[in-house]
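Read in order, the letters of the sequence shown correspond to residues 228 to 747 in the numbering used here. The structure appears below as structure tokens.
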Amino acid sequence: MVARDCKRWFFRFLVRSCEMAMRDGDYSRKSSREIPMGDGSYDRTLREFCIPDYILVSGSERRSVSHVPACPVIVFINSKSGGQLGGELLVSYSTLLNKNQVFDLGKNAPDKVLQRLYATLETLKHNGDNFAAEIHNRLRIIVAGGDGTASWLLGVVSDLKLPHPPPIATVPLGTGNNLPFAFGWGKKNPTTDLQSVTSFLKDVKAANQMKIDSWHIVMRMKAPKEGSCDPIAPLELPHAMHAFHRVSSTDKLNMDGYHTYRGGFWNYFSMGMDAQVSYAFHSERKLHPEKFKNQLYNQSAYLKLGCSQGWFFSSLFQSSRNIAQLAKVKIMKKGHWEDLHIPRSIRSIVCLNLPSFSGGLDPWGKPNRKKSIYRDLTLPYVDDGLFEVVGFRDAWHGLVLLAPNGHGTRLAQTSRIRFEFHKGAADCTFMRVDGEPWKQPLPKDDDTVVVEISHHGQVSMLATPLCRSKSMYDPSSPSVDREEDDSSDEDLQEDWEERRKFGAADTFKYPDGIDIAQVS
């Protein structure tokens with residue numbers, strides 16, 4: 228009965244998604260470049276976002292400025308995201324704004340751009356420039372790309388430790404677009420005409436700031452002596468190289484004979500079958516980029532790969548390992564590590580920070596009040612210093628999220644988790660952070676691969692009134708007492724390391740042969 232209901236929900240969801248995507252696709256191609264030239268009100272609107280050249284371009288002549296923009300913005304665009312949409316957005320933003328405040332991420336490293344900008348602002352402020360001080364206080368960032376691109380910018384802003392760091396708005400140009408959707412920016416690829424971009428700028432100006440938790444990942448392993456993780460080498464890790472950075476030999480985290488990596492995420496870390504399907508999708512896109520030019524095709528290709536990889540019938544596939552076979556999992560409780568019991572049916576585990584996963588679904592849902600008290604569970608706030616740990620048996624289990632009150636298997640809420648992989652479980656497993664997957668080699672001898680996640684401060688996002696994310700400090704956010712569901716759950720110190728960089732800024736660079744098109 229449950230299976231039939233899930234299938235009905237699933238196919239209704241597919242039909243509705245295809246119809247909406249086709250309508251959106253047709254509309255997005257009608258990209259008009261016409262703007263009401265000479266319209267004074269239109270010009271007044273745009274000047275609220277523009278930054279003069281003397282702040283953006285070193286050596287530019289200082290000119291007197293009579294108007295302070297209400298919402299000065301710096302725009303970063305992954306021009307290869309969303310098929311041709313990234314390139315079209317680049318043209319639109321450059322047309323509407325000062326072209327020197329719009330940057331193509333394929334040509335400009337965001338950490339260098341922000342370092343240069345903030346150095347200029349600090350110098351001007353020191354010299355008594357009140358206009359520069361206002362730009363500094365009001366600055367906002369727009370990043371257009373997929374979840375991987377958005378995470379890259381979040382990592383850069385975190386690493387640079389900027390004075391009064393700017394909040395970030397995200398334009399959904401990827402396939403899943405979980406980050407934009409969590410803050411009300413939608414999950415459909417946008418239209419790129421000038422009127423639509425102007426409307427988005429107005430939304431950025433009106434958006435509220437929201438703090439969200441940042442999560443630090445440390446991975447330690449021995450380098451494989453042989454073998455490969457095609458289509459990328461084993462130690463290059465994710466397609467988007469900003470996700471992980473190799474620590475130096477002088478770093479306290481480094482251990483002789485081991486390779487230690489650090490990285491970060493803001494939405495989720497996942498491991499298992501869901502990451503395997505994502506890896507297959509990214510590998511196919513790398514081999515045939517010409518096929519992946521629009522969101523509808525990408526989503527249908529993702530679904531087909533989910534079927535071919537056995538995600539819908541994972542229990543029938545010998546290659547499908549459950550999480551309990553792959554790793555020993557521990558969580559931090561009251562200052563001590565405790566073993567986390569994971570049912571043997573669970574083949575995918577997600578550490579979730581935002582209520583948006585796999586195209587905007589919420590795996591945690593709203594816990595039942597009585598069970599929440601018994602199991603010490605709460606609603607998922609994005610700034611409470613906790614992430615939610617959720618498990619899935621297979622894709623059919625995931626489809627429960629489409630139903631009212633649907634959720635995955637709630638395993639725990641914690642501020643720290645550790646995965647220990649030992650010899651014999653499998654040759655490899657698959658992992659994913661914020662949409663960027665990789666194939667992770669597992670021990671072939673008596674050594675252990677360790678992945679540990681811990682809290683690492685907060686960053687500021689921009690949220691619209693449609694924001695799904697909830698703050699524990701927002702009086703309008705629901706509490707456990709107000710929200711209940713009738714669904715049931717499934718069966719169910721070492722010293723703190725000093726806070727570290729994510730590796731997204733300064734140390735980050737794409738290796739030779741890696742194209743930015745590989746970043747979602």
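Ideal Cβ positions, reconstructed from N, Cα and C, are used throughout, including at glycine. Just so you know, these numbers come straight off a predicted model, no measurement behind them.
Classify residue i as helix, strand or coil using the three-state DSSP reduction.
| i | result |
| --- | --- |
| E511 | helix |
| F427 | helix |
| K438 | strand |
| A336 | coil |
| Q552 | helix |
| D356 | coil |
| G618 | strand |
| V384 | helix |
| S689 | The question names Ser, but residue 689 is Leu in the sequence shown. The answer is strand: DSSP assigns L689 an E or B state. |
| D603 | coil |
| L567 | coil |
| A210 | A query on residue 210 cannot be resolved here, the shown segment of the chain reaching from 228 to 747 and no further. |
| S546 | Unreliable placement is indicated for S546, whose pLDDT of 48 sits below 50; the coordinate value is still reported in the next sentence. The answer is coil: DSSP assigns S546 none of H, G, I, E or B. |
| L351 | helix |
| V292 | coil |
| E275 | coil |
| H363 | helix |
| R695 | coil |
Let's test the definition: count the other Cβ atoms within 10 Å of the Cβ of residue i and tell me whether it reaches 16, buried, or not, exposed.
| i | result |
| --- | --- |
| K561 | exposed |
| R367 | buried |
| A653 | exposed |
| H391 | exposed |
| S287 | exposed |
| N305 | buried |
| P702 | exposed |
| M500 | buried |
| Y320 | buried |
| T641 | buried |
| P407 | buried |
| D672 | exposed |
| R760 | What the structure shows of the chain is the stretch from 228 to 747, and residue 760 is not part of that stretch, so it cannot be assessed. |
| T636 | buried |
| T477 | exposed |
| M658 | buried |
Quickly, what does DSSP pair residue i with across the bridge? List them, please.
| i | result |
| --- | --- |
| C655 | P668 |
| Y495 | L579 |
| K561 | DSSP, once it has assigned bridges, lists no residue as partnering K561. |
| V318 | Answer by DSSP bridge pairing: none, since V318 is not bridged. |
| V398 | A371 |
| T487 | R447 |
| H682 | W442 |
| E647 | K555, V677 |
| V474 | Bridge partners of V474: none, in fact. |
| F303 | F330, V370 |
| Q640 | E615 |
| G312 | For clarity, residue 312 is Leu in the given sequence; the question names Gly instead. Per DSSP, none; premise fails for L312. |
| V660 | F496, E663 |
| L588 | F584 |
Under 7 Å Cβ to Cβ from residue i, same chain only, skipping five residues before and after it: list those, please.
| i | result |
| --- | --- |
| N549 | R571, S572, I573, R574 |
| E565 | K557, I558 |
| A639 | I558, L567, V616 |
Do residue i and residue j have their C-beta atoms within less than 8 Å of each other?
| i | j | result |
| --- | --- | --- |
| R343 | P299 | no |
| V676 | I644 | no |
| N404 | Y495 | no |
| Q328 | S687 | no |
| S441 | H683 | yes |
| F410 | L553 | no |
| Y506 | P664 | yes |
| G382 | S308 | no |
| V678 | I444 | yes |
| R695 | P582 | yes |
| K438 | D610 | yes |
| D331 | L317 | yes |
| S378 | D661 | yes |
| F303 | P337 | yes |
| L323 | V398 | no |
What does a CB cutoff of less than 6 Å around residue i pick up in its chain, not counting 5 residues either side in sequence?
| i | result |
| --- | --- |
| H363 | L348 |
| S585 | none |
| L613 | Q640, S642 |
I'd like the list of long-range same chain contacts for residue i, defined as Cβ closer than 8 Å, with 5 residues on each side in sequence excluded.
| i | result |
| --- | --- |
| L312 | S255, L400, N416, P417, T419 |
| S285 | R343, T347 |
| C655 | C456, K666, Q667, P668, L669 |
| H353 | none |
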